[in-house]
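Visitor: One structure coming up, written as structure tokens, with questions to follow.
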Amino acid sequence: KNQVEQSPQSLIILEGKNCTLQCNYTVSPFSNLRWYKQDTGRGPVSLTIMTFSENTKSNGRYTATLDADTKQSSLHITASQLSDSASYICVVSAVAGGYNKLIFGAGTRLAVHP
Amino acid sequence: NAGVTQTPKFQVLKTGQSMTLQCAQDMNHNSMYWYRQDPGMGLRLIYYSASEGTTDKGEVPNGYNVSRLNKREFSLRLESAAPSQTSVYFCASSLGTGDNSPLHFGNGTRLTVT
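Structure (structure tokens):
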């Protein structure tokens with residue numbers, strides 16, 4: 110069964126600190142892995158998309174890593190800001206008949222406190 | 012560019028009532044999607060439209076119908092609302108369904124069925 114599991118469910122950090130969010134998946138056949146940021150009351154916004162051959166990708170203070178062998182990904186946030194408070198969603202894509210089927214994790218809720 | 016626009020933002024229905032959720036995108040995307048988001052769960056696909064003139068069922072289509080009115084607009088209809096359909100509904104669009112292009116989401120419709 111295709112599944113995406115994220116940990117921790119929630120996290121509180123102080124402004125300026127770094128943090129790492131985890132994503133484990135059992136999805137086949139793998140196409141790509143995506144990280145989205147979802148602010149409260151808003152729709153998700155894409156942060157990164159990584160294919161099988163990519164093991165790291167950055168978007169500003171966000172760096173995603175992918176280990177396709179162990180089927181794990183992480184999202185590292187550097188020098189956190191109050192605006193980083195949001196849910197972070199890991200999404201894994203499986204290709205089936207030319208269509209990318211997206212499997213969404215339940216998200217990690219991050220709170221950055223001053 | 013407005014991106015993906017959803018209306019209404021909030022709605023309360025009584026059991027058995029019907030309603031249509033509207034979605035429009037101005038990015039000239041070919042593919043459009045309807046998802047629902049429930050607490051503690053990942054987003055689940057209700058229906059999608061790979062291109063103008065086509066629609067297909069997703070993971071949880073029961074109780075819903077869709078119409079791809081033109082390339083810009085994709086509506087979701089609840090014919091006879093049930094309390095189990097209380098959720099946040101997101102419309103999304105992308106260039107295609109078989110590539111690595113990101114999904115662009117609207118800001119959601121919060122629906123309560125009493």
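If you read the sequences in order, they're chains A and B. All residue numbers for the first sequence refer to this note's numbering, where the first residue is 110 and numbers rise by one. All residue numbers for the second sequence refer to this note's numbering, where the first residue is 12 and numbers rise by one. Quick reminder that beta carbons are idealized off the backbone N, C-alpha and C, glycines included.
1. Taking the straight line between their C-alpha atoms, what separation do you get for THR16(B) and GLN36(B)?
2. Could you name the residues of chain B that THR160(A) contacts, counting a contact when the two beta carbons are closer than 7 Å?
3. Grab me the residues of LEU120(A)'s own chain with a C-beta within less than 8 Å of its C-beta, minus the 5 sequence neighbours each way, in chain order.
4. Just the C-alpha distance for GLY125(A) and ALA93(B), rounded to the nearest angstrom, thanks.
5. Would you give the residue range spanned by the beta strand (DSSP E) that VAL77(B) belongs to?
6. Please name the residue in PRO19(B), THR18(B), VAL23(B) whose C-alpha comes closest to that of THR125(B).
7. Using DSSP with H/G/I as helix, E/B as strand and the rest coil, what is LEU191(A)?
8. Excluding the five sequence neighbours on either side, which residues of its own chain have a C-beta within less than 7 Å of the C-beta of GLN48(B), listed in chain order?
9. Is it buried or exposed for PRO153(A), if we count other Cβ within 10 angstroms and need 16 for buried?
10. Run down chain A in chain order and give the residues with a C-beta less than 8 Å from the C-beta of SER118(B).
11. Hey, would you say SER202(A) sits closer than 9 Å to HIS115(B), going by beta carbons?
12. In terms of alpha-carbon separation, which member of PHE139(A), PRO138(A), GLY150(A) lies closest to SER194(A)?
13. Bridge partners of GLN96(B), per DSSP?
14. Residues of chain B with CB closer than 7 Å to the CB of ALA173(A), please, in chain order.
15. Among residues of its own chain, excluding the 5 on either side of LEU87(B), which ones have a beta-carbon nearer than 8 Å to its beta-carbon?
Guide: According to the structure shown:
1. The count along the second sequence starts at 1 and reaches residue 16(B) at position 5. The count along the second sequence starts at 1 and reaches residue 36(B) at position 25. If you take the alpha carbons of THR16(B) and GLN36(B), they lie about 6 Å apart.
2. Stepping through the first sequence from its first residue, residue 160(A) is reached at position 51. Within chain B, ASN111 have C-beta atoms less than 7 Å from the C-beta of THR160(A), given in sequence order.
3. Counting from 1 along the first sequence, the entry for residue 120(A) is found at position 11. Once the five neighbours on either side are set aside, the close Cβ partners of LEU120(A) are CYS128, LEU130, THR217, ARG218, LEU219, ALA220.
4. Taking the first sequence and counting its residues from 1, the one referred to as residue 125(A) is at position 16. Taking the second sequence and counting its residues from 1, the one referred to as residue 93(B) is at position 82. The straight-line gap from Cα to Cα measures roughly 45 Å.
5. As a working mapping, residue 77(B) is identified with position 66 in the second sequence. It spans 75–79 - the beta strand (DSSP E) in which VAL77(B) sits, taken as one unbroken run.
6. Here residue 125(B) refers to the residue found at position 114 when the second sequence is read from its first residue. Looking at the Cα atoms, VAL23(B) is the closest of the given residues.
7. Counted from its first residue, the first sequence places residue 191(A) at position 82. Here LEU191(A) sits in helix by DSSP.
8. Here the question's residue 48(B) lines up with position 37 in the second sequence. Excluding positions up to five away in sequence, the list reads LEU54, SER98, VAL99, PHE101.
9. Counting from 1 along the first sequence, the entry for residue 153(A) is found at position 44. Classification for PRO153(A): buried.
10. The count along the second sequence starts at 1 and reaches residue 118(B) at position 107. According to the sequence shown, residue 118(B) is Asn rather than Ser. By Cβ distance, chain A contributes GLY150, ARG151, GLY152.
11. Your numbering for residue 202(A) matches position 93 in the first sequence. Your numbering for residue 115(B) matches position 104 in the second sequence. Their beta carbons are not under 9 Å apart, which means SER202(A) does not touch HIS115(B) by this criterion.
12. Counted from its first residue, the first sequence places residue 194(A) at position 85. Checked all of PHE139(A), PRO138(A), GLY150(A); the closest Cα to SER194(A) is GLY150(A).
13. As a first step, residue 96(B) must be located in the second sequence, where it is residue number 85. Looking at the DSSP assignment, GLN96(B) forms no beta bridge with any residue, so it has no partner.
14. In the first sequence, counting from the first residue as 1, residue 173(A) sits at position 64. In chain order: nothing, as chain B lies at least about 13 Å away.
15. Along the second sequence, read from residue 1 onward, the residue named residue 87(B) stands at position 76. Cβ neighbours of LEU87(B) beyond the five flanking positions: THR31, LEU32, CYS34, TRP45, ILE57, TYR58, TYR75, ASN76, VAL77, TYR100, CYS102.
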